[in-house]
Amino acid sequence: MRHIISIIVENKFGVLSRVAGLFSGRGYNIETVAVGPTLDPEVSQMTIVTNGDDQVLEQITKQLNKLIDVIKVVDLTEKEFVERETALIKVAPPPEGRAEVLRTAEIFRARIVDSSPKTSTLQVTGDEKKIAAIIELLKPYGIKDLVRTGKVAIARE
74 MRHIISIIVE
84 NKFGVLSRVA
94 GLFSGRGYNI
104 ETVAVGPTLD
114 PEVSQMTIVT
124 NGDDQVLEQI
134 TKQLNKLIDV
144 IKVVDLTEKE
154 FVERETALIK
164 VAPPPEGRAE
174 VLRTAEIFRA
184 RIVDSSPKTS
194 TLQVTGDEKK
204 IAAIIELLKP
214 YGIKDLVRTG
224 KVAIARE
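All you need for the numbering used here is the position in the sequence shown, starting with 1, plus 73.
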């Protein structure tokens with residue numbers, strides 16, 4: 074089962090390594106990890122996406138809570154939440170395909186963040202399905218490069 078885990082940690086050296094070590098020590102892969110500061114610069118928010126058995130993830134959650142630098146751990150999979158990811162997609166369409174790339178960007182509410190005579194770089198934000206859909210539509214126009222952030226998520230009230 075896929076789990077999205079939100080972890081509030083102290084913004085200190087080595088915290089990410091210790092958190093990742095708990096997953097690797099149990100033989101679980103981290104699909105994506107996103108880390109960033111919160112309103113308090115001494116605290117960071119980690120969002121980890123992984124696949125695994127509920128019982129093992131419960132053990133990992135308990136062990137995460139025991140780490141000194143971990144303030145709070147929440148498995149968002151069990152709650153209502155909002156998730157998003159961002160992708161930067163560089164395409165190199167032939168001249169006759171440039172207009173279609175722009176139309177596709179408009180349909181997906183993507184922004185052109187860089188343009189040159191041969192390439193355009195699009196920024197798109199949304200859920201995993203939206204990102205996958207625009208990638209599939211842009212493939213025929215020659216994707217030169219692709220970078221994705223991984224998920225960030227927040228619980229709903």
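We treat Cβ as the ideally placed atom computed from N, Cα and C, and that holds for glycine.
Exercise. Exposed or buried, what is residue 80 when buried is set at 16 or more other beta-carbons lying within 10 Å of its beta-carbon?
Worked result: Indexing the sequence shown from 1 puts residue 80 at position 7. So residue 80 counts as buried.
Exercise. Does the count of Cβ pairs from the stretch 133–140 and the stretch 201–215 closer than 8 angstroms reach three?
Worked result: no
Problem set entry | Residue environment, residue 226, which counts as buried when at least 16 other CB atoms sit within 10 Å | Looking up residue 226 in the sequence shown gives position 153. By the 10 Å Cβ count, residue 226 comes out buried.
For this session: Could you round the C-beta distance between residue 108 and residue 228 to whole angstroms and report it? I think they count as a contact, below 8 angstroms.
Result: The residue labelled residue 108 in the question sits at position 35 within the sequence shown. The residue labelled residue 228 in the question sits at position 155 within the sequence shown. 18 angstroms between Cβ atoms; not a contact.
Exercise. CB residue 77 to CB residue 111, shorter than 9 angstroms?
Worked result: Along the sequence shown, read from residue 1 onward, the residue named residue 77 stands at position 4. Along the sequence shown, read from residue 1 onward, the residue named residue 111 stands at position 38. It is not a contact, given that the beta carbons lie outside the stated cut-off.
Problem set entry | Coarse secondary structure for residue 138, derived from DSSP in three states | In the sequence shown, counting from the first residue as 1, residue 138 sits at position 65. DSSP places residue 138 in helix when its eight states are reduced to three.
Exercise. In the stretch 149–185, which residue ranges form an unbroken alpha helix (DSSP H) of at least 4 residues, counting only runs that do not cross its ends?
Worked result: 171–180
Exercise. Does the separation of the CB atoms of residue 159 and residue 207 fall below 9 angstroms?
Worked result: Counted from its first residue, the sequence shown places residue 159 at position 86. Counted from its first residue, the sequence shown places residue 207 at position 134. Contact: no.
Problem set entry | Bridge partners - residue 187, DSSP secondary structure assignment | As a working mapping, residue 187 is identified with position 114 in the sequence shown. In DSSP, residue 187 forms a bridge with 194.
Exercise. Which word fits residue 128, buried or exposed, when buried means at least 16 other C-beta atoms lie within 10 angstroms of its C-beta?
Worked result: If you number the sequence shown from 1, residue 128 lands on position 55. Residue 128 comes out exposed.
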